[in-house]
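Trainee: Sharing a structure here in structure tokens format.
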């Protein structure tokens, strides 16, 4: 019989530099429950999430890993688990990874004992000093040296994640993302260009800039952490903002589909057909599910409209990395249960892309009806289907949807070369992206 384990749950409330204890999480494989502390209840603090109401009795979860999805978001990605397992020299289960990892995850929650080691964040000068220490020693000796070396020397990327570190630069926290071994060395430059191009297309994208390391060989993409915020009166201090991924909102199973399964599903249903699981993990389902998180109809409508603009941009740059973990909501007001789409991130334009742009998540669902004998679930992007989706699912009128799509397409068509060149991508490399930015079908 499995032994129940427990861990404290911490939350950074708005405007606070340090977390407060919200309650206790209890877990056995496949089953868990969370109980708010009496002190948290007495203080009338807000719920951790709209689907975790503040009540004096336990909140259970029985599906998947038995860990609340928003707790999973606060834990390490595959890269972080890899580093943690190597440091501890043993495999870790989900609960251990969540409660032993550095308290540096996305959002404003953390689980486990709040030790100084778990809260460590590197300042830029510390990072550069560690680089020099490694050079002088000829090897990484301490844990933090190993973490830095892994990131800078393009360590093996696991599960689609990239080597990354959080760095503090002039009191602001940034995520430094490095190419993994085998990646295109121009990947940071291209992603930086796509973030800037997205903003030109009316998408709320995160702030990104290139950072060339002192060794002259490595370049990282620095993106300002949108889930961290300055705290008044505390120079360099960072509060935290709640975050929930689309994967968590949709309660998707934790086991990811293989690439072969994903591609087979896209081929089978790209133009017609219906698959219940695919609908459950779609943009359509996300647009509907956000209603529980957006704090009212007006906010929900704006979130759906922003989501469609991102769908359009992903189609225009042929980004197939638009999976459910690459979308999420930021907390605007915990007490008001108001969450909004976070700035867009991980916008990747692949070189030598195929002509037919196909997204990772279906964006249009046309149910069976008198005139439609077979329901449609659509991944493949075309002008016609994008416009139909805008009206059907995302709160757009036909005319304004056409105007936005045509304007965004023109911005991408006339600007992609300029944006890549501005980030330092050489002309020969830019030429590899001709097919990537070719017009959508019907444009």
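In UniProt numbering, the protein residues as written are 1 to 443. No residue lacks a Cβ here, since even glycine has one placed at the ideal position from N, Cα and C.
1) Exposed or buried, residue 406, counting other C-beta atoms within 10 Å across all chains shown (16 or more means buried)?
2) List the DSSP bridge partners of residue 36.
3) Our contact map puts residue 201 next to residue 224 with C-beta atoms below 8 Å; I'd like the distance itself, whole angstroms only.
4) What would DSSP say about residue 237, mapped onto helix, strand or coil?
5) Assuming residue 289 contacts residue 330 (C-beta within less than 8 Å), just tell me the rounded distance between them.
6) Quick check on residue 169: does DSSP put it in helix, strand or coil?
7) Is it right to say residue 244 is buried, meaning 16 or more other beta carbons lie within 10 angstroms of its own, or is it exposed?
8) If you draw a straight line from the C-alpha of residue 77 to the C-alpha of residue 4, how long is it?
9) Given residue 301, which residues of its chain have a CB within under 6 Å of its CB, disregarding the five upstream and five downstream residues?
10) Nearest by alpha-carbon distance to residue 18: which of 114, 218 and 52 is it?
11) Please classify residue 72: is it buried, with 16 or more other beta-carbons within 10 angstroms of its beta-carbon, or exposed?
12) Enumerate in chain order the residues of its own chain whose CB-to-CB distance from residue 24 is below 8 Å, with the five nearest sequence positions on each side excluded.
13) Strictly by DSSP, which residues pair up with residue 337?
14) Any idea if residue 132 is buried or exposed, counting beta-carbon neighbours within 10 angstroms, 16 or more meaning buried?
15) Helix, strand or coil for residue 367? Go by DSSP, reduced to three states.
16) By the three-class DSSP mapping on this structure, what secondary structure does residue 79 have?
17) Assign residue 212 to one of two classes, buried (16 or more other C-beta atoms within 10 Å of its C-beta) or exposed (fewer than that).
18) Do residue 362 and residue 433 have their CB atoms nearer than 8 Å?
Mentor: The answer reads as follows:
1) exposed
2) 23
3) That pair is no contact at about 20 Å.
4) Three-state DSSP puts residue 237 in a strand.
5) Between residue 330 and residue 289 the Cβ distance is about 16 Å, and since that is not below 8 Å, they are no contact.
6) strand
7) buried
8) 24 Å
9) 395
10) 114
11) Burial state of residue 72 is buried, judged by a 10 Å Cβ sphere holding 16 or more other Cβ atoms.
12) 6, 7, 8, 9, 34, 35 and 37
13) Its beta-bridge partners do not exist; DSSP assigns none.
14) Classification for residue 132: exposed.
15) coil
16) DSSP, read as helix, strand or coil, puts residue 79 in helix.
17) exposed
18) no
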